[in-house]
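Residue numbers (the working numbering): 86 to 270.
Glycine included, C-beta positions come from ideal geometry on N, C-alpha and C.
First comes the structure, then the notes that go with it.
Written as structure tokens, this is what we have:
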């Protein structure tokens, strides 16, 4: 798949999920989980205080789509058509054939294997369509749920980056995981 086609953000589907571009009409769904303090506890962004915060995020995503940059897929729950989270390549380096994924999920859907399902599909897309060699993901050491997602998605724990991220007023230790193309064979 060409870079141009990748940046078009093709719709990806799994048994329960549809990964697609976010739209302005998703604002209520995104605000629902984006305003949840538990959801934003271990991420770099602050809880959405008002719907305006969510609209700004959707404008950011729309801009990334237009600029042909890596951008979030909305995670649509097929059963209801609602957006329940996002997943994306935070960065992508075609020269080195590597990328990093990041994700967030509504608390209503935690513990059901949903994020693992989404992560596996994005990993598959990265290896099969983007010709990646390595995909990594990181999380705060305290984020046990995210660590489990990475492990269940087939990623290997590589180590802890000490005091590697400053967010929410302090430095945090970060766990790093990765999966290599040949590990999926």
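- Taking C-alpha positions only, residue 209 is separated from residue 180 by approximately 19 angstroms.
- Here the region 213-222 makes contact with the region 259-267; the two share three or more CB pairs at distances below 8 angstroms.
- For residue 121, no alpha helix (DSSP H) encloses it, and the DSSP letter there is neither H nor E.
- The continuous stretches of alpha helix (DSSP H) do not include residue 171, which lies in the beta strand (DSSP E) extending over residues 167-178.
- For residue 143, the enclosing alpha helix (DSSP H) covers residues 136-151.
- Straight across, the Cα-Cα distance linking residue 171 with residue 216 is about 22 angstroms.
- Residue state for residue 207 is assigned as helix, using DSSP reduced to three classes.
- DSSP links residue 103 through a beta bridge to 98, 161.
- Residue pairing by DSSP places residue 252 opposite 255 in a beta bridge.
- For residue 193, the number of other beta carbons within 10 angstroms of its own is below 16, and it is reported as exposed.
- DSSP lists 222, 242 as the beta-bridge partner residues of residue 262.
- With fewer than 16 other beta carbons inside 10 angstroms of its own, residue 166 counts as exposed.
- If you look at residue 90, you'll find it isn't in any beta strand (DSSP E); it sits in the alpha helix (DSSP H) that goes 88-92.
- Per DSSP, residue 236 is one residue of the alpha helix (DSSP H) stretching across 229-237.
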